[in-house]
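Peer 1: I have a structure I would like to understand better, so I am pasting it below and will then ask my questions one at a time.
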Amino acid sequence: MTREEAAAPPPAPAREPRALWTLGLLHSELLTTFRRWRTLALLGVLAAVPVLVGVAVKIETSDGSAAGGGGAGPAFISQVTHNGLFLVFTALAATLPFFLPMAIGVVAGDAIAGEASAGTLRYLLVAPAGRTRLLLTKYATVIAFCLAATLVVAVSAFAAGALLFPLGDVTTISGTRISFAEGLGRALLIALVVAASLVGLAALGLFVSTLTGSGIAAMATTVGLLITVQILDQFPQLHAFQPYFFSHYWLSFADLLREPVYWDDLLRNLGLQGLYAVVFGSAAWARFTAKDITA
Numbered sequence: 003m004t005r006e007e008a009a010a011p012p013p014a015p016a017r018e019p020r021a022l023w024t025l026g027l028l029h030s031e032l033l034t035t036f037r038r039w040r041t042l043a044l045l046g047v048l049a050a051v052p053v054l055v056g057v058a059v060k061i062e063t064s065d066g067s068a069a070g071g072g073g074a075g076p077a078f079i080s081q082v083t084h085n086g087l088f089l090v091f092t093a094l095a096a097t098l099p100f101f102l103p104m105a106i107g108v109v110a111g112d113a114i115a116g117e118a119s120a121g122t123l124r125y126l127l128v129a130p131a132g133r134t135r136l137l138l139t140k141y142a143t144v145i146a147f148c149l150a151a152t153l154v155v156a157v158s159a160f161a162a163g164a165l166l167f168p169l170g171d172v173t174t175i176s177g178t179r180i181s182f183a184e185g186l187g188r189a190l191l192i193a194l195v196v197a198a199s200l201v202g203l204a205a206l207g208l209f210v211s212t213l214t215g216s217g218i219a220a221m222a223t224t225v226g227l228l229i230t231v232q233i234l235d236q237f238p239q240l241h242a243f244q245p246y247f248f249s250h251y252w253l254s255f256a257d258l259l260r261e262p263v264y265w266d267d268l269l270r271n272l273g274l275q276g277l278y279a280v281v282f283g284s285a286a287w288a289r290f291t292a293k294d295i296t297a
């Protein structure tokens, strides 16, 4: 061994593969998010809504009257007494305009701003995560919550519907009948479409979260934008702009209960959510990567 070789520093240990490190970061974020009491409380409220709707329908129809008489109530509610599977569709239609997106807005708005207000954001960036990877991990976590929240509503509704009402073949909106197994498959597909309908709002909330260091402010702003868009979508004078609102096609999932399925509005909805995810995801990346992290 030469003198130069003896004096040379020992080789640096091999770095952990980036893919494994990213999966570890995602696993940590998922555990942190789903262990928070706020997240569990949101999921608990979402699980309770279908049960309350089912019990209310059961009480209302105990004298033999039809549920949602006169067209009142959420979509599909009049069919719940004949088939408990319709409680899944009713619960998703009832929670999608406000409860589900509000929960998504809270989690997305807190993603970055919550770390900043708690003083943990710069410590996350000390690790070899990189801002881009951290932002993508945060967004993936919010998407996972979108799926979890939607499935909680659907599973709770199915359980309540099975306990309170009979189950059987499903009569579609078009008047045809499909088997219970096929109806159950469509219920799962509808839940996935509803979860996908929230990815645009998730990207918007993540962008808002990069603009402030206050988690409460980010959550309030995201929920405020949600309410504002929902109100504006009701004004016929704004019909030219409404197809571009992220919530405009949310209830198009009902077209999956037609025979044959109407795909036009469903595809418009998914395309619009993808557009919001790209635009506001890019804006969040541009803001976050250029932001001075002081907390």
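Residue numbers (the numbering used here): 3 to 297. Backbone N, C-alpha and C fix where the C-beta goes; we use that ideal spot for every residue, glycine too.
Quick one: complete alpha helix (DSSP H) runs, 4+ long, within the stretch 237-297?
Peer 2: The stretch 237-297 contains these whole alpha helix (DSSP H) runs: 266-292.
Peer 1: With a Cβ-Cβ cutoff of 8 Å, do M221 and G46 count as a contact?
Peer 2: Cβ atoms of M221 and G46: not closer than 8 Å.
Peer 1: Report the three-state DSSP secondary structure of V82 (helix, strand or coil).
Peer 2: V82 falls in the coil class under three-state DSSP.
Peer 1: Where R37 and L169 are concerned, what is the direct C-alpha to C-alpha distance, given to the nearest angstrom?
Peer 2: Rounded to the nearest angstrom, the two C-alpha atoms are 35 Å apart.
Peer 1: Assuming F255 contacts Q275 (C-beta within less than 8 Å), just tell me the rounded distance between them.
Peer 2: The pair is not a contact, with the Cβ atoms about 12 Å apart (cut-off 8 Å).
Peer 1: Any idea if Q81 is buried or exposed, counting beta-carbon neighbours within 10 angstroms, 16 or more meaning buried?
Peer 2: It is buried - the Cβ of Q81 has at least 16 other Cβ atoms within 10 Å.
Peer 1: Who are the near neighbours of L206 in its chain, counting only those whose CB is closer than 8 Å to its CB and skipping five residues on each side?
Peer 2: If we look at L206 and ignore the five residues flanking it on each side, its Cβ neighbours are A110, T224, L227, F248, Y278 and F282.
Peer 1: For L213, tell me which candidate among W287, S30 and V53 has the shortest Cα-Cα distance.
Peer 2: Nearest option by C-alpha distance: W287.
Peer 1: Measuring alpha carbon to alpha carbon, tell me which of S119, A58 and L32 ends up nearest G163.
Peer 2: Minimum Cα distance to G163 is reached at A58.
Peer 1: Any idea what DSSP makes of R38, helix, strand or coil?
Peer 2: Coil, per DSSP.
Peer 1: From the DSSP output, in three-state form, read off T212 for me.
Peer 2: Three-state result, T212: coil.
Peer 1: CA-CA distance, N271 and T97?
Peer 2: So the two alpha carbons sit approximately 17 Å from each other.
Peer 1: When we look at the beta-carbon of D266 and count the other beta-carbons within 10 Å, is it buried (16 or more) or exposed?
Peer 2: Burial call: exposed.
Peer 1: Could you have a look at I229 and say whether DSSP puts it in helix, strand or coil?
Peer 2: Looking at I229 - three-state DSSP - the assignment turns out to be helix.
Peer 1: Are L258 and V195 touching if we call contact CB-CB under 8 Å?
Peer 2: Against a cut-off of 8 Å, the Cβ pair of V195 and L258 comes out as a contact.
Peer 1: Short of 7 Å in beta carbon distance, which residues of its chain neighbour V210, apart from the five on each side in sequence? Order them along the chain.
Peer 2: Taken in chain order, the residues that qualify are G111, A220, T223 and T224.
Peer 1: Under 7 Å Cβ to Cβ from L137, same chain only, skipping five residues before and after it: list those, please.
Peer 2: The answer, listed in chain order, is A286, W287 and F290.
Peer 1: Which one of G86, R124 and V108 has the shortest CA to CA distance from T35?
Peer 2: Nearest of G86, R124 and V108 to T35, Cα basis: V108.
Peer 1: Using only CA atoms, which one of G217, T152 and I114 lies nearest to R135?
Peer 2: The shortest C-alpha separation from R135 is found at I114.
Peer 1: With a threshold of 7 Å on Cβ separation, who are the neighbours of V201 within its own chain once the five nearest residues in sequence on each side are excluded?
Peer 2: Taken in chain order, the residues that qualify are I145, C148, Q275 and A279.
Peer 1: For E261, which option in T178, L153 and G56 has the closest C-alpha, if you only look at C-alpha atoms?
Peer 2: Minimum Cα distance to E261 is reached at T178.
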